[in-house]
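Participant: Encoded as structure tokens, here's the structure I'll be asking about.
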Amino acid sequence: MAGVIHPRPPSDPDEPLPDEPFPEAALPELADPHWMHRATELAHTGFWSVARRLPALVREAIALGWATSRRDTAASLGLNVAAGLLTTLGLLATTGVLQQLFAAGPTPGRIRAAMPALALAATAVTARGALTIAAGWAQARLIPQINYTVERRLFETTSVVELAAFDDAGFAEEMDRARDRGLIEAGSLVNDTVNLVTGVVGVVATAAAVTIIHPLLLPCLLVAAAPEAVTAVRMARRQHIDWLARITRRRRKWMLGDLMANRHTAAEIRAYQMRDFLLSEYRLMTRLETRAELRLARAQTVTRAIGLSVTGVATFGLYLVLGALLMGGVVVLAAAATALLALQSARSSLRTTIFATNSLYEDALYYQDYRDFLDRAGRRVPTGGQRPVDGFERIDLDRVSLRYPDTDGAAVDEVSLTIRRGEVVALVGENGSGKTTLAKLVAGLYRPTGGAIRWDGVDAAELDPRQLAAQVAVMSQDWWRFPFTARQNIRVGRHDRADGPGPSVEAAAREAAAHDMISELPFGYDTLLDRQFKDGQDLSGGQWQRLVAARGLYRDARLLICDEPSAALDARAEHALFQHLRRHPDRAVVLITHRLANVRHADQIFVLDHGRLVQHGDHDALMAQDGPYRELFELQAAGYLAGAGEAAADR
Ligand SMILES: Nc1ncnc2c1ncn2[C@@H]1O[C@H](COP(=O)(O)OP(=O)(O)OP(=O)(O)O)[C@@H](O)[C@H]1O
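The opening position of the sequence shown corresponds to residue 1 in full-length UniProt numbering, with each subsequent residue numbered one higher.
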């Protein structure tokens, strides 16, 4: 669908819509959601193909339930089966009651004779009700547990897979698919399985009772119940396929609604006066949606009317057959009356079975996405080595390269350099030259696709990955605004650190020039930094960056990587931060910045160009050379000097 621009519907919202549909009316540039492939698969599968896959699906669902809670799974299924047996018993007891009531003799005597069967029927109905309630309770307990289990499994996996997996478009899409629908469908899969079992047990129990009463009644009952079952299948599938066909449009309608009622878009929508445009698109979507709903309602009414007519004829036929059997003395009156009662029970159980079959198949398709994703993600969990690591004297990069998936060239190309404890090392270069990628390689976030990184002579791949990560703090260029309090936002830098060595939250905030700013917040360090919650506050970009710097300093790691740590800081905050990024005997700092004044005092400056290391030395040595460092430095310096000159001229 992507890229196909369909004809636009009338822009005037009051103009009548022509008959032919506009499937891509609003926002035609949007492609279908990735999980639509399952919807299409479903639309093209017939009911009987679905039914054939049922045993495997039921096995899968029961295994999932069993792994989550044996007790609740056994109770959900066992109690429903027991309730089905009581249905049979109830119907048989009812026949007994009717036989006594229709027997010859005075009425009081017949009622007395019917009492034992009546008591049995009442007990069966009551016990059946109690079992059904208990089964419902077990089912209600089971489903949230399953939802929780599959959700936990997913997040345990997504949070441990290697970072490189997130650069793989296929992986990201599978993850979205697993999260979007796969998660929700696991609970439904089990729920629908229990419903299916309940429906099938109901049908079998009714059929058993009818067969015991008289074998000839069973085919009569099946023929009478069949039209309603066929109508239910047709209506359920039609409704489902129609629902699928409208998903894209409903999604667009939801997106338009979200644009008009969203804090983040409110300013832009007003600034560009987009209201009328968005409202007209929304109205159009609503009208198309209403038209589709009416079309479905019309079709469903026709199907229902035909179904009911055929059901009426079949029921009438059943009456005729029962009449003939009665007249011929083949069945007694009581058995015929019970058959009519059984018909109601069979119809309701059949309906449950059919709906559950349809839903179960759909659930299974989406649940498969979840399973596929877990398999794929499981293969991308870094294994790492066993060797312990605690600090370092030197980290050597030996012809290290990294090529991102689906890209032509290497982002980092055979770079060799050494970082020593106690040093401040700067990475410099134009946009896209590979600085951030190189820093992530040093931090162990990516594994090199070529060359090796050695910590005191040991290949990083042999080191325990958790211990290695504990040595590193990264002040990232693209930090996230975590919706926690200011204190938590700093503490997550090393959330499991007990009071002991390392700066306190406040000390780290002071070093990053964030303390005063945090103290001025309404609840100080306990202010929640997310406006979407009560009493939440927003920070400016620069204030957030101070907080991120405080987090990095709080982590108190042996290797501190600062990727543009001051891009959003004002001059005073920047000055304060760099006071704390100076040499420290126990740690090394890798600094990436475009503000070259900040790298002047670095022990080593590495200049990158298109992923390759093109210059190396300290500031004085690099300024003495005619290379890119001096060129970039002088360009920046000239900007400042020109500004100073103009300012002086203005005065
Ligand atoms: N996740 C990724 N997937 C694919 N390519 C990427 C990814 N991240 C970066 N790149 C590419 O790798 C190259 C190096 O990017 P990198 O972010 O390391 O540069 P940089 O020197 O830090 O740039 P800047 O100064 O703009 O921050 C660029 O061409 C970029 O487009």
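Just so you know, even glycine gets a beta-carbon here, dropped at the ideal spot from N, CA and C.
(1) Quick one: residues in its chain with C-beta nearer than 7 Å to the C-beta of R52, no 5 flanking neighbours on either side, listed in chain order?
(2) When you measure from the CB of A426 to every non-hydrogen atom of ligand 1, does any distance come out below 7 Å?
(3) Could you work out which residue in R558, V412, E151, A335 is closest to R181 when comparing CA atoms only?
(4) When the Cα atoms are used, what is the spatial distance from T73 to A138?
(5) From A119 to L154, what distance separates their C-alpha atoms?
(6) What's the call for L448, buried or exposed, on a 16-neighbour Cβ count within 10 Å?
(7) Which whole-angstrom value describes the C-beta separation of T527 and L360, a residue pair presumed to lie in contact below a C-beta threshold of 8 Å?
(8) When the Cα atoms are used, what is the spatial distance from W479 to F373?
(9) Measuring from the CB of S566, is there a heavy atom of ligand 1 at a distance below 7 Å?
(10) Compute the Euclidean distance between the alpha carbons of D620 and A638, then round it to the nearest angstrom.
(11) Is the beta carbon of Y148 within less than 7 Å of some heavy atom of ligand 1?
(12) Return helix, strand or coil for P28, following the three-state DSSP convention.
(13) Report yes or no: do three or more beta-carbon pairs, one from the segment 521 to 540 and one from the segment 481 to 491, lie closer than 8 Å?
(14) Considering D176, what are the terminal residues of the alpha helix (DSSP H) in which it resides?
(15) Helix, strand or coil for L608 per DSSP?
(16) Can the beta-carbon of D363 be found less than 8 Å from the beta-carbon of E174?
(17) Confirm the yes/no value for this check: CB of Y629, any heavy atom of ligand 1, distance under 7 Å.
(18) Which residue comes first and which comes last in the alpha helix (DSSP H) that contains D413?
(19) Answer yes if the segment 459 to 471 comes into contact with the segment 424 to 436, meaning at least three C-beta pairs across the two stretches below 8 Å, and no otherwise.
(20) For Q615, does the three-state DSSP call read helix, strand or coil?
(21) Buried or exposed: F606, going by 16 or more other Cβ atoms within 10 Å of its Cβ?
(22) On the DSSP bridge assignment, give the partners of A588 in chain order.
(23) The beta strand (DSSP E) spanning V424 covers which residue range?
(24) Which two residues bound the contiguous beta strand (DSSP E) that contains R394?
(25) Does the distance from the C-beta atom of G493 to that of R551 stay below 8 Å?
(26) Is it buried or exposed for R379, if we count other Cβ within 10 angstroms and need 16 for buried?
(27) Does the beta-carbon of G611 have 16 or more other beta-carbons within 10 angstroms, so that it is buried, or is it exposed?
(28) Just to confirm, are T126 and G202 a CB contact at a threshold of 8 Å?
(29) Should G450 be counted as a contact of ligand 3 given a C-beta to heavy atom distance under 7 Å?
(30) Taking only three categories from DSSP, how would you classify V194?
(31) Quick one: is the Cβ of K253 within less than 7 Å of any heavy atom of ligand 1?
(32) What is the rounded straight-line gap between the Cα of P28 and the Cα of H594?
(33) Closest by CA to R600, which one among L441, V428, N147?
(34) So, at 8 Å on beta carbons, what are the nonlocal neighbours of G542 in its own chain, with the 5 sequence-adjacent residues on each side left out?
(35) Within the same chain, show all residues whose beta-carbon is closer than 6 Å to that of A232, passing over the 5 residues directly before and after it, in chain order.
(36) Is it right to say W455 is buried, meaning 16 or more other beta carbons lie within 10 angstroms of its own, or is it exposed?
Facilitator: Quick look at the numbers:
(1) Locating residue 52 in the sequence shown gives position 52, where the first residue counts as 1. Excluding sequence neighbours, R52 sits near nothing in its chain.
(2) For the purposes of this step, residue 426 is identified with residue 426 of the sequence shown, where counting begins at 1. Checking the Cβ of A426 against ligand 1 gives no.
(3) By one-based count along the sequence shown, residue 181 stands at place 181. Closest option to R181, Cα to Cα, is E151.
(4) In the sequence shown, residue 73 corresponds to position 73, counting from 1. In the sequence shown, residue 138 corresponds to position 138, counting from 1. Distance between the alpha carbons of T73 and A138: 7 Å.
(5) The residue given as residue 119 occupies position 119 in the sequence shown. The residue given as residue 154 occupies position 154 in the sequence shown. In a straight line, the C-alpha of A119 is about 52 Å away from that of L154.
(6) Within the sequence shown, the letter at position 448 stands for residue 448. Inspection of the sequence shows that residue 448 is occupied by Pro rather than by Leu. By the neighbour-count rule (16 or more Cβ atoms within 10 Å), P448 is buried.
(7) As a working note, residue 527 is residue 527 in the sequence shown. As a working note, residue 360 is residue 360 in the sequence shown. Rounded, the Cβ-Cβ distance is 48 Å, inconsistent with contact.
(8) Taking the sequence shown and counting its residues from 1, one reaches residue 479 at position 479. Taking the sequence shown and counting its residues from 1, one reaches residue 373 at position 373. Roughly 27 Å between the two C-alpha positions.
(9) For the purposes of this step, residue 566 is taken as residue 566 along the sequence shown, with counting starting at 1. No - ligand 1 has no heavy atom lying nearer than 7 Å to the Cβ of S566.
(10) Taking the sequence shown and counting its residues from 1, one reaches residue 620 at position 620. Taking the sequence shown and counting its residues from 1, one reaches residue 638 at position 638. Cα-Cα distance, rounded: 18 Å.
(11) Reading the sequence shown from its first residue, position 148 is the one you call residue 148. No - ligand 1 has no heavy atom lying nearer than 7 Å to the Cβ of Y148.
(12) Locating residue 28 in the sequence shown gives position 28, counting from the first residue. At P28 the pLDDT is 49, less than 50, meaning the model places this residue with poor confidence; the figure from the coordinates comes in the next sentence. In this structure, P28 counts as coil in the three-state DSSP scheme.
(13) yes
(14) Along the sequence shown, one-based indexing puts residue 176 at 176. Unbroken alpha helix (DSSP H) run through D176: 169 to 177.
(15) In the sequence shown, residue 608 corresponds to position 608, counting from 1. L608: strand per DSSP, three-state reduction.
(16) For the purposes of this step, residue 363 is taken as residue 363 along the sequence shown, with counting starting at 1. For the purposes of this step, residue 174 is taken as residue 174 along the sequence shown, with counting starting at 1. No, the Cβ-Cβ distance between D363 and E174 is not below 8 Å.
(17) For the purposes of this step, residue 629 is taken as residue 629 along the sequence shown, with counting starting at 1. Checking every heavy atom of ligand 1 against the Cβ of Y629, none is found closer than 7 Å.
(18) Your numbering for residue 413 matches position 413 in the sequence shown. Element bounds for D413: not the alpha helix (DSSP H) but the beta strand (DSSP E), 412 to 420.
(19) no
(20) In the sequence shown, the residue the question calls residue 615 occupies position 615. Correct three-state label for Q615: strand.
(21) Along the sequence shown, one-based indexing puts residue 606 at 606. It is buried - the Cβ of F606 has at least 16 other Cβ atoms within 10 Å.
(22) Translated into the one-based positions of the sequence shown, residue 588 becomes position 588. Looking at the DSSP assignment, A588 forms a beta bridge with L559.
(23) Here residue 424 is taken as the residue at index 424 of the sequence shown, counted from 1. Unbroken beta strand (DSSP E) run through V424: 424 to 429.
(24) Along the sequence shown, read from residue 1 onward, the residue named residue 394 stands at position 394. 394 to 402 is the extent of the beta strand (DSSP E) around R394.
(25) Position 493 of the sequence shown, counted from the start, is the residue given in the question as residue 493. Position 551 of the sequence shown, counted from the start, is the residue given in the question as residue 551. In contact: G493 and R551 (Cβ atoms closer than 8 Å).
(26) As a first step, residue 379 must be located in the sequence shown, where it is residue number 379. Its Cβ having fewer than 16 others within 10 Å, R379 is exposed.
(27) For this step, residue 611 is matched to residue 611 along the sequence shown. Buried, since its Cβ has 16 or more Cβ neighbours within 10 Å.
(28) Here residue 126 refers to the residue found at position 126 of the sequence shown. Here residue 202 refers to the residue found at position 202 of the sequence shown. Cβ atoms of T126 and G202: not closer than 8 Å.
(29) Looking at this structure, you won't find ligand 3 anywhere; what it does contain is ligand 1.
(30) Position 194 of the sequence shown, counted from the first residue, corresponds to residue 194. Here V194 sits in helix by DSSP.
(31) Taking the first residue of the sequence shown as position 1, residue 253 is located at position 253. K253: no, Cβ never under 7 Å from ligand 1.
(32) Position 28 of the sequence shown, counting from 1, holds the residue named residue 28. Position 594 of the sequence shown, counting from 1, holds the residue named residue 594. Any answer about P28 is weak, because its pLDDT of 49 lies below 50 and its placement is not dependable; what the coordinates show is given next. When rounded, the distance between both Cα atoms is 40 Å.
(33) If you number the sequence shown from 1, residue 600 lands on position 600. When only C-alpha atoms are compared, the closest one is V428.
(34) Mapped onto the sequence shown, residue 542 falls at position 542. If we look at G542 and ignore the five residues flanking it on each side, its Cβ neighbours are A568, L569, D570, A573.
(35) If you number the sequence shown from 1, residue 232 lands on position 232. These residues qualify, in order along the chain: R351, I354.
(36) Along the sequence shown, one-based indexing puts residue 455 at 455. Under this definition W455 is a buried residue.
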